[in-house]
Amino acid sequence: MSIAAPDIPATARLQLSGDALVANWRALNRFSGAASAGAAVKADAYGLGALPVVQKLLDAGCQDFFVANWQEAREIEAIAAGKASISVLNGVREEDMAFAVKSSAKPVLNSIEQILRWSTTSLPCDVMINSGMNRLGINPGDLGHGCIANLDIDLAMSHLASADEDCKQNTDQLAKYLSALIDLQYKRSSFANSAGIMLGTDYHFDVTRPGLSLYGGKPRPELADQIQQVATPQAQILQVRHVRPGDKIGYNAKYIADRDLRIAILAMGYADGYLRGFSNKGCFLADGGKLRVIGRVSMDLTAIDLTQAPKLEEGDWVDCDYDLPEASRISGLSQYELITGLGQRLPRIWQ
Ligand SMILES: *Cc1c(COP(=O)(O)O)cnc(C)c1O
């Protein structure tokens with residue numbers, strides 16, 4: 001006779017909105033004009049969970065997914081194979097070949113070495129052109145290499161380095177990419193990430209590749225009112241306490257009360273991805289009040305001031321104020337780091 005193990009409900013979680021995710025993809029697809037928006041779902045869909053994200057975007061009509069490596073490709077192939085195209089941005093190594101030739105995903109070939117390796121198959125691929133970021137990609141001058149003519153290229157892509165800024169590098173990269181495409185045989189072109197979509201029609205080509213903005217990030221001001229928050233960390237109150245003027249709170253006494261305060265200790269800390277940059281700066285939300293973080297964020301715990309939500313008690317839940325542009329400004333971390341760094345300890349709860 002077996003007795004089911006009792007459930008142990010989490011003390012902190014990540015609340016995720018499927019409606020916001022899909023609304024963001026639809027908005028980015030609309031801003032992409034005649035191009036269709038794909039989705040960058042690398043790094044486990046920026047930490048939110050690749051499988052649920054891909055499923056929701058497939059249902060919404062997304063046709064192109066971009067992952068970093070073959071492990072990630074294998075994970076999403078389980079639901080996307082035969083329904084959408086999957087591109088592996090980091091290319092293909094010798095040690096990937098055994099899996100890659102059987103996979104429905106395509107490598108994004110980044111170097112002559114990778115092209116020679118893939119030429120032994122006659123399978124489709126994508127190609128990344130280095131238009132000036134000097135990260136991954138084939139230099140335009142090498143595109144005349146004889147081995148390229150034999151490839152079955154779906155997406156001929158390049159990637160913008162500074163699309164979140166208005167600068168000459170964007171137009172320089174566009175010009176280089178356009179001229180590299182002239183002598184290349186390919187099916188579809190693809191250039192813009194989230195920020196690049198907002199640079200206008202010239203940057204759209206056939207397929208766009210938003211990532212950050214699908215998940216609530218706003219890398220350009222034009223996106224401010226167009227993109228919805230997707231991810232909200234939530235934490236339970238483990239203890240409520242009263243402190244007196246002069247009482248010191250948390251490690252190294254980085255906050256000293258200047259009056260009587262009712263405070264709560266939350267089950268959330270830097271091990272959950274709520275990093276020390278929020279010490280004395282971050283904010284939680286409950287009952288219409290803003291509850292400021294006081295003192296230093298610990299590994300598993302954070303203290304907040306309950307002045308604006310006096311009814312809260314031990315066991316109640318609060319939302320973390322995790323609007324990405326604002327949280328980025330406060331913490332000094334990029335919006336990308338804030339979303340991809342959320343800890344695996346937080347169960348992902350989709351609504
Ligand atoms: C990550 C990535 C994207 C998505 O970029 P965002 O800035 O998150 O929209 C697009 N293309 C490539 C090649 C990438 O590596």
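Number 279 in full-length UniProt numbering belongs to position 279 of the sequence shown; there are no gaps in the numbering. Glycine is no exception: its CB is placed at the ideal position from the N, C-alpha and C atoms.
Rounded straight-line distance, which links the Cα of residue j to that of residue i
i, j, result
"A303", "Y215", "27 Å"
"G137", "P210", "19 Å"
"V318", "D272", "15 Å"
"R276", "L346", "17 Å"
"G47", "W350", "13 Å"
"W70", "I79", "15 Å"
"R30", "Q226", "11 Å"
"A163", "P219", "8 Å"
"D305", "Y336", "28 Å"
"A192", "H159", "7 Å"
"S334", "L212", "11 Å"
"G246", "D166", "49 Å"
"A156", "R329", "35 Å"
"V22", "I256", "44 Å"
"A12", "Q169", "42 Å"
"I76", "I263", "44 Å"
Residue i: CB within 8 Å of a non-hydrogen atom of ligand 1
i, result
"G217", "yes"
"P210", "yes"
"S85", "no"
"M128", "yes"
"Y336", "yes"
"F66", "yes"
"M157", "yes"
"S194", "yes"
"A40", "yes"
"L89", "yes"
"residue 387", "Since the first and last residues shown for the chain are 1 and 351, residue 387 lies out of range."
"S131", "no"
"S213", "yes"
Residue from the options with nearest C-alpha to residue i
i, options, result
"L285", "Q236, I148, F66, L58", "Q236"
"W25", "I197, N134, I148, L123", "I197"
"K102", "A81, N90, Q114", "A81"
"residue 367", "L301, M128, K106", "With the chain running from 1 to 351 in the structure shown, residue 367 is simply not present."
"A149", "K168, I115, L57, H159", "I115"
"L57", "V67, A68, V41, E72", "V41"
Any 3 or more C-beta pairs closer than 8 Å across the segment 242–260 and the segment 287–297: yes
Inside the segment 35–105 only - alpha helix (DSSP H) runs reaching at least 4 residues: 42–46, 50–60, 70–80, 97–100
Stretch-stretch touch, CB-based, cutoff 8 Å, three pairs: the segment 31–41 with the segment 193–212: yes
Touching by the beta-carbon criterion (3+ pairs, under 8 Å), the segment 91–108 and the segment 40–58: no
The segment 11–26 / the segment 179–187 touching (three or more Cβ pairs under 8 Å): no
Contiguous alpha helix (DSSP H) assignments of at least 4 residues, all confined to the UniProt domain "Alanine racemase C-terminal" (230–351): 324–331, 335–340
Segment contact, 8 Å Cβ cut-off, at least three pairs: the segment 324–343 with the segment 307–315: no
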